[in-house]
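Chains as they are written, first to last, in numbering that gives the first Met the number 0: chain A, 0 to 349; chain B, 0 to 572.
The block underneath contains the structure these notes are about, expressed in structure tokens.
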Amino acid sequence: MVMPISHFNQQARIRRTRTLPHEGEILVRRDQKVAATETLGNCYLPGRHEVIDLYQSLGVSRKLPLDAISDRAAGETLQKGDILAKTGRVIKKIVRAPADCYIESIEEGKVLLELLNPAFELKAGMDGVIREVNPNWSVVVESFGCLLQGVWGNGQISSGLLVNTVKPDAGEFTLGNVDVTMRGAIVAGNFCCRQEALEAAVDFSLRGLILSSISSSLVGYALKMDIPVILLEGFGSISMNPVAVNLLNQFDRHNICLNACEWDVYNGNRPEVVIPLAGTGNDPREGGHLRQGSRVRVKVPPYAGAVGVVTQIRDGDTTIHSGLRGKCAEVKFDRLPLTSFPVTNLDIME
Amino acid sequence: MSIPFTRVISLLGVEIGSCNTRVVLFDQAAGQFHFLASSSAPTSIIHPFRNINDGLLQALSGLQSASSRSLLDDTSHLILPSLADGSGVDGLVVTHSAGKPIRILTIGLLPDFSAKSALKLASAIPGCSVSSLDPASTPRRVDQLDAIIASEPEIILFVGGTDHGSVSAIRKLEDVILQACKSFPAEHVPAIIFAGNSILIQELEEHFEKVARFYPAANLQPQINHEDFTPALDVLCDMVTGIRAGQYEGFKNLQKICSTPPIPTSIGFDRVVRYLSLRYPSVKGVLGIDLGAASTTLVSARQGDSEITVKPFGLGQGLKSFLAGYPVESVLKWLVEQSSIDAAADYLWQKSLNPQTVPATVETLDIEQAAAREIMQICLWPHLDQAGIPTACYESILVSGSTLTRTPQPGEALMMILDGIQPVGITSILLDKNGIASLLGASAVINTLIPVQVIDSSAFTNLATVIAPVAKAKPGTPILRVSIDYGQSSVTHLEIKMGSLVAFPLPPGQTANILMEPARGVVIDPVRKASGFKVFGGLCGVVIDARGRPLSLPTDNDLRRQTLQHWASILGA
């Protein structure tokens, strides 16, 4: 059975394509080094429209020819305050552009403006080197290092020093796990069920949070936070998987990059933690066959977050505890009994 | 190579669902088409595969094992047409609902007429995110422009004006749409379907020529109070299928070898429900409900005419929109065990991240079944409203979707349906246990005998005959006296009290005569007036649901749990 793979690699080559939502300008060049929060390119997103009646605004007769009051034409880009039209009398009346805008049309003295949104900025998401540039559209960023992929992110990006609070058998991530010495750091913690812990992360000016899971009741708050939050396991009280715990321990106090984007299963954009390291690495496999010996993680209860090794994939369908039937695999864990799971509930980890 | 439809004796159906790709084999034996076998595998349109081939091949190899028939050649290509040694198939039909939501914007002239029709039409396709622009409530041209641009549509469905009716209002709207199209970057210009006043087609075609792809369709509302959905729906279906074919590798190749163009799953499902409504020619009609992973499809059909509603709520990807729009507390009320109540919210959110997972424990199965009840409820009420039906009073209800059809016990499926749909009157419940309904609908184009004969061959399982009388009485008040005559002098008499749920065993294939004496003010069925009739057996027999409509649960938590447990025990759930 072919399945996508979640990566928890100690050393890999990480190549990510960053694409503008609309055609725009790429600001970086090939082989340029970039930081996670650096802007790689920008574009304007379609903005709000406004109509200005030049005759009415100036208080002049419509019999006046348009070129007597304005020399503007469709297609021009204006900055806020630029003159749109004016009367030529001693006491001048002037109509100015209300914001940075683009003139879409001028008809019968009515000008249709598209107000330009602040430019959309395409961020690198990880420290690396630009390897490919597709002018006006996209770039490929490459980095070498440790990669941990998450399942949920709140849309923010940052980088900073990793402070790991997760130890094997760690309990809930609480207010007590955060203190003033962590200011400016990215803190890794276990599952979090209390909003006060997330509030403390903001209050102590952390640069980001890597958590195993949060209570679903905290989703709304986490989405509003202006620091990145990445969940490696999901929702509920799911402890951090041991592979992630080892990697976070190993790279404690290293500089890391946090790209807490939303997981888009169709294009593969996924929340990620990248820990840039010297050296090289191989491209991790994106998909693979579930087979005997595969290292897997359980995605949903029971044993959500537990990591084990497939010892057998059963032929045909098997009845599981819920009474449903499906194709199952037997998984051997370090500390749990050998258990059978529906294969769809497993995630291959590499 | 295609072969004449009349010579199709074996047919492969492929349903590309948002979670699973299902393949179904129909074959002819003794001159009759019947369901032979099915198999499924996870749909492979997600990263890193981004194709339909991996999932399809996996499902086909499962089907080969299940049917003991070779379907693929040495190069893993489908053998089509079949060979003399019996390998392969003669025909192929495809339905699809998978993929990133396609954004459709509907623009109609009048809110109660063309705009409503356009919205209804766009809401018939799964995998689409539909929004609408109402020019009446957004009168300023710039606001209309902003609304179009903000919705970033991939398709604009533009309707308005009866044939030879309004012209100037349509031209004004057209002007705004043209302006909006010019504002989009070239790669994001939406396709325009115009299904309005046909007199304007040529003019609009010229205006849009260099701006956007323009697809005319026959007027959705050629006359006031007369809707003609078929031509515009065909255009919309073709367009959605075209977008999907461009998105996923392998789709175009599959399209090339299909015996008939692929259609959205809901359209195939609709055809089957319409057929059933002709088969059971009652004014009550037939309801079809397909509870999928990403969306839920409801079809109400009466004597061949139907209303389709597709809502973006389901038990996989559809949980995300459900949880975003509805409080999770609405699900909790259907749960008995405290552990399930505590875990429900987190489990449903976790499931929304992992839509292909299946509930592995009784606790998580309970949570999904509770969510299924609530999703059916929130989808049903707007559908009934759209179809102009006051209550869920149908002759038959066809139920599809694995959450409903693959329960460990049939009573669990019935319990979800009774709670979620709350049928009124006398209704037979049919289960699409093999998930073939939409594919049967697709196959009707090849040979109308295929769905007819497959349905005749008991492709749908009779779950139960439900009798839900309408009564306004206090709980515990006798409302009905029932006698069930099983034949051979075996008669059961029972007094039904308000608030109760009663099941009579009557296995599939058996029949019984039922006689009911309602108390004063009690209506057994708002449409069917007979008090005595023949009932057919089902997995859950005959069930009298006198719990009242709308169903209300006790507010006291302990009592609510006891009540739910009691009801479940009656149906063996």
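Think of the CB as a built atom: it goes at the ideal place given N, C-alpha and C, for glycine as much as any other residue.
Closer than 9 Å by beta-carbon distance: list the chain A residues that pair up with residue i, in chain order.
i: residue 344/B; result: 214, 215, 216, 234, 235
i: residue 357/B; result: 299, 319, 321, 323, 325, 341, 343, 344
Return the chain-ordered list of same chain residues with a C-beta closer than 8 Å to the C-beta of residue i, the five sequence neighbours on each side being excluded.
i: residue 532/B; result: 425, 512, 513
i: residue 370/A; result: Shown here, chain A extends from 0 to 349; a query on residue 370/A therefore has no answer.
i: residue 427/A; result: No answer is possible for residue 427/A: the residues shown for chain A start at 0 and end at 349.
i: residue 337/A; result: 310, 329, 330, 331
i: residue 110/B; result: 133, 135, 136
i: residue 77/B; result: 11, 59, 70, 71, 87, 88, 91, 256
i: residue 179/A; result: 203
Going by other Cβ atoms of all chains shown within 10 Å of its Cβ, with 16 needed for buried, is residue i buried or exposed?
i: residue 136/A; result: buried
i: residue 471/B; result: exposed
i: residue 563/B; result: buried
i: residue 48/A; result: buried
i: residue 0/B; result: Residue confidence for residue 0/B is low, a pLDDT of 47 falling below 50, so the modelled location carries little weight; the figure read from the coordinates is stated next. Its Cβ having fewer than 16 others within 10 Å, residue 0/B is exposed.
i: residue 88/B; result: buried
i: residue 395/B; result: buried
i: residue 8/A; result: buried
i: residue 74/B; result: exposed
i: residue 359/B; result: buried
i: residue 355/B; result: buried
i: residue 233/A; result: buried
Name, please, each residue of chain B whose Cβ falls closer than 8 Å to the Cβ of residue i.
i: residue 264/A; result: 45, 46
i: residue 188/A; result: The premise fails here: residue 188/A is roughly 17 Å from chain B at the closest Cβ pair, so nothing lies under 8 Å.
By DSSP, does residue i sit in helix, in strand, or in coil?
i: residue 180/B; result: helix
i: residue 523/B; result: coil
i: residue 22/A; result: coil
i: residue 156/B; result: strand
i: residue 181/A; result: helix
i: residue 351/B; result: helix
i: residue 516/B; result: strand
i: residue 343/A; result: helix
i: residue 32/A; result: strand
i: residue 148/A; result: strand
i: residue 467/B; result: strand
i: residue 125/B; result: coil
i: residue 187/A; result: strand
i: residue 7/A; result: strand
i: residue 130/A; result: strand
Taking C-beta pairs closer than 9 Å, name the residues in chain B that residue i reaches, listed in chain order.
i: residue 134/A; result: Per Cβ cutoff of 9 Å: no residues; residue 134/A is ~15 Å from chain B at best.
i: residue 286/A; result: 43, 46, 47, 48, 53
i: residue 170/A; result: The contacting residues do not exist; residue 170/A stays about 17 Å from chain B at best.
i: residue 144/A; result: Neighbours of residue 144/A on chain B: none; closest Cβ ~20 Å, over 9 Å.
i: residue 3/A; result: 45, 46, 47, 48
Which chain A residues are close to residue i, counting only those with a beta carbon under 8 Å from its beta carbon?
i: residue 183/B; result: 45
i: residue 335/B; result: The contacting residues do not exist; residue 335/B stays about 15 Å from chain A at best.
i: residue 361/B; result: 320, 321, 322
Chain A partners of residue i, CB-CB under 7 Å?
i: residue 148/B; result: 45
i: residue 353/B; result: 298, 299
Going along the chain, which residues of its own chain have a beta-carbon closer than 7 Å to the beta-carbon of residue i, five neighbours each way excluded?
i: residue 549/B; result: 421
i: residue 573/B; result: In this structure chain B extends from 0 to 572, so residue 573/B is not present and cannot be described.
i: residue 468/B; result: 478, 479, 517, 521, 522, 523, 545
i: residue 69/A; result: 53, 83, 84
i: residue 85/B; result: 68
Among residues of its own chain, excluding the 5 on either side of residue i, which ones have a beta-carbon nearer than 6 Å to its beta-carbon?
i: residue 456/B; result: 33
i: residue 12/B; result: 23, 92, 438
i: residue 542/B; result: 463, 465, 502
i: residue 158/B; result: 107, 113, 117, 194, 195, 219
i: residue 26/B; result: 9, 35
Using a C-beta cutoff of 9 Å, does residue i count as contacting chain D?
i: residue 340/A; result: Included in the structure are the protein chains A and B, with no chain D among them.
Legend entry - Length-filtered (3 minimum) beta strand (DSSP E) runs lying within the region 189-235 of chain B: Listed in chain order, the complete beta strand (DSSP E) runs (minimum 3 residues) inside the region 189-235 of chain B are 190-193, 213-215.
Legend entry - Unbroken stretches of the alpha helix (DSSP H), 4 residues or longer, contained in the region 370-452 of chain B: Counting whole runs of 4 or more residues, the region 370-452 of chain B contains the alpha helix (DSSP H) stretches 401-404, 409-420, 436-442.
Legend entry - Runs of alpha helix (DSSP H) wholly within the region 191-248 of chain A (minimum 4 residues, chain order): Whole alpha helix (DSSP H) segments, 4+ residues: 194-202, 218-223.
Legend entry - In chain order, each beta strand (DSSP E) run of at least 3 residues that lies wholly inside the region 222-304 of chain B: When DSSP assignments are scanned along the region 222-304 of chain B, the uninterrupted stretches of beta strand (DSSP E) that are 3 or more residues long and fall wholly within it turn out to be 285-290, 295-301.
Legend entry - Secondary structure, beta strand (DSSP E): runs of 3+ residues fully inside the region 76-127 of chain A: Counting only runs of at least 3 residues, the region 76-127 of chain A fully encloses the following beta strand (DSSP E) elements, listed from N- to C-terminal order: 82-85, 93-95, 100-106, 109-114, 119-122.
Inset, instruction - Could you name each continuous beta strand (DSSP E) segment of 3 residues or more that falls completely within the region 0-88 of chain B, going from the start of the chain to the end? - result: Within the region 0-88 of chain B, the complete beta strand (DSSP E) runs of at least 3 residues are 9-15, 19-28, 31-41.
Legend entry - Segments assigned beta strand (DSSP E), at least 3 residues, entirely inside the region 296-325 of chain A: 306-318, all fully within the region 296-325 of chain A.
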